[in-house]
Amino acid sequence: NAGVTQTPKFQVLKTGQSMTLQCAQDMNHEYMSWYRQDPGMGLRLIHYSVGAGITDQGEVPNGYNVSRSTTEDFPLRLLSAAPSQTSVYFCASRPPGERVQYFGAGTRLSVL
Amino acid sequence: GNSVTQMEGPVTLSEEAFLTINCTYTATGYPSLFWYVQYPGEGLQLLLKATKADDKGSNKGFEATYRKETTSFHLEKGSVQVSDSAVYFCALSTSDDKIIFGKGTRLHILP
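Chains as they are written, first to last, in the working numbering: chain L, 1 to 112; chain Z, 1001 to 1111.
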């Protein structure tokens, strides 16, 4: 049971670099989302998708892009990394009609 | 607007102590309520849930009752173990499918 798989687990970037955080799920879930977790802030929604070809912004979308070309994959792109984007990023998915979310193990990102 | 407020941590207890982590919410309509747990180095996983007033969710010895009159969903366990050390998140899901998390409560259990 793979569930939600995130890669990489750790990443260090320099300010201004770009990168893509990968997220894949094998449960055929329509809904996928990206969160960031910062100390004392809980989880904040970055972007989400209700199905292939459909994405929308969450609470903190600035500096991030997403696309959803397949049901399985939902990559998160940082176009020009900034130190404020140092965080732990979680991808989650859930099936239609169900409100429980299934989370990946996270990507710990440091931007120097 | 919709929000979740949970007690600040860290909470430190001795093994076999009684645990309560308070959670209150503000929401329009009839939200579903959840407790998620995050063990070190891992993602969040569902601990328990309740979908309507007076429902009691339970799992692994943890319980929480959906109290609409006090807008609360407090997490309890009668006898904690060292392996319960983790961060606990209260969350609600609204009728428009938005999910809102509390800020999390870190729990340390001492042997």
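Just so it is clear, CB atoms sit at the ideal spot from N, CA and C, and this is done for glycine as well.
- By the rule that beta-carbons nearer than 8 Å mark a contact, E1042(Z) touches chain L.
- For F103(L), the closest of H29(L), A81(L), K14(L) by C-alpha to C-alpha distance is H29(L).
- In the three-state reduction of the DSSP assignment, V1082(Z) falls in the helix class.
- Any Cβ of chain Z closer than 8 Å to the Cβ of A105(L) would place that residue at the interface, and such an atom is present.
- Against chain L, a Cβ distance below 7 Å from F1101(Z) picks out G42, L43.
- Cβ atoms of R1106(Z) and P1040(Z) stay farther apart than 8 Å, at about 10 Å.
- By alpha-carbon distance to G51(L), the top candidate from A105(L), P83(L), S69(L), S110(L) is S69(L).
- Looking at the DSSP output, G51(L) bridges to I54(L).
- Taking D1055(Z) as the centre and dropping the five residues before and after it, the same chain places the C-beta of T1065, Y1066 closer than 8 Å to its C-beta, in chain order.
- Looking at F1034(Z), A1027(Z), G1029(Z), Y1030(Z), the one whose alpha-carbon comes closest to that of I1021(Z) is F1034(Z).
- Sequence-ordered contacts of the segment 82-111 of chain L with chain Z read F90, R99, V100, Q101, F103, G104, A105, G106 [C-beta pairs closer than 7 Å].
- The contact set of F1089(Z) on chain L, defined by CB atoms closer than 8 Å, consists of G42, L43 in chain order.
- Between P1111(Z) and V1087(Z), the gap from beta carbon to beta carbon reaches 8 Å or more.
- For S1032(Z), the neighbours in chain L by C-beta distance under 7 Å run, in chain order, R99.
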